[in-house]
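If you're matching positions, the sequence shown starts at 1408 in the numbering used here and goes up one per residue.
All C-beta atoms in this analysis are idealised placements derived from N, C-alpha and C, irrespective of residue type, glycine included.
This structure is a prediction, so every number in the text was calculated from the model and none was measured.
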Amino acid sequence: MENKQRIIQELVPGKQITLAHIIANPDDILYEKLGLNPAVEHSHSAIGVLTISPAETAIIIADIAMKSSGVELGFVDRFSGSLIVTGTVSQVEAAIQAILLYTEDTLGYTVCKITRT
């Protein structure tokens, strides 16, 4: 008789921000590939990219980003936990710092460091 191994896979999302990245002075093609209008976004000198789980928290961090600085939402996905914001480098940085502070201190999330390119 053959021994069969049974594998059960389960997703148990942690409460964490796994990516908080600032892209300074991106090329127009990057705006286009992200589905953003480079003509409108050209006055913005940075793109902020974040990923968070549970994914629904992307709604909360999008709200924090808009209220904490003058960033504009480029994309928010409550199913994947992705957030893209645009603005000046200082606006994007302020938004990401506010998000990390709130999620860590208020929601008890594990957060990563801000990275840059």
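query = By Cβ distance, which residues of its chain are closer than 7 Å to Leu1480, with the 5 residues on each side in sequence left out?
reply = By 1-based counting over the sequence shown, the position of residue 1480 is 73. Only Ala1469, Met1473 and Val1492 meet the Cβ criterion.
key: Top-ranked residue by Cα proximity to Glu1463, from Asn1410, Ile1424 and Gln1504   = In the sequence shown, residue 1463 corresponds to position 56, counting from 1. Ranking Asn1410, Ile1424 and Gln1504 by Cα distance to Glu1463 puts Ile1424 first.
ask   = Taking DSSP as the reference, what is the three-state secondary structure of Ile1521?
value = For the purposes of this step, residue 1521 is taken as residue 114 along the sequence shown, with counting starting at 1. Coil.
ask   = Are Ile1521 and Leu1490 close, meaning C-beta to C-beta below 9 Å?
value = The count along the sequence shown starts at 1 and reaches residue 1521 at position 114. The count along the sequence shown starts at 1 and reaches residue 1490 at position 83. No, the pair does not count as a contact, with Cβ atoms beyond the cut-off.
query = On the three-state DSSP scale, how would you describe Leu1508?
reply = Within the sequence shown, the letter at position 101 stands for residue 1508. If DSSP states are grouped into helix, strand and coil, Leu1508 belongs with the helices.
request  = Tell me whether the beta-carbon of Ile1429 lies closer than 9 Å to the beta-carbon of Ile1454.
outcome  = Along the sequence shown, one-based indexing puts residue 1429 at 22. Along the sequence shown, one-based indexing puts residue 1454 at 47. Yes, they are a contact pair.
key: Per DSSP, cross-strand counterpart(s) of Ser1489   = Within the sequence shown, the letter at position 82 stands for residue 1489. Paired residues: Thr1458 and Asp1484.
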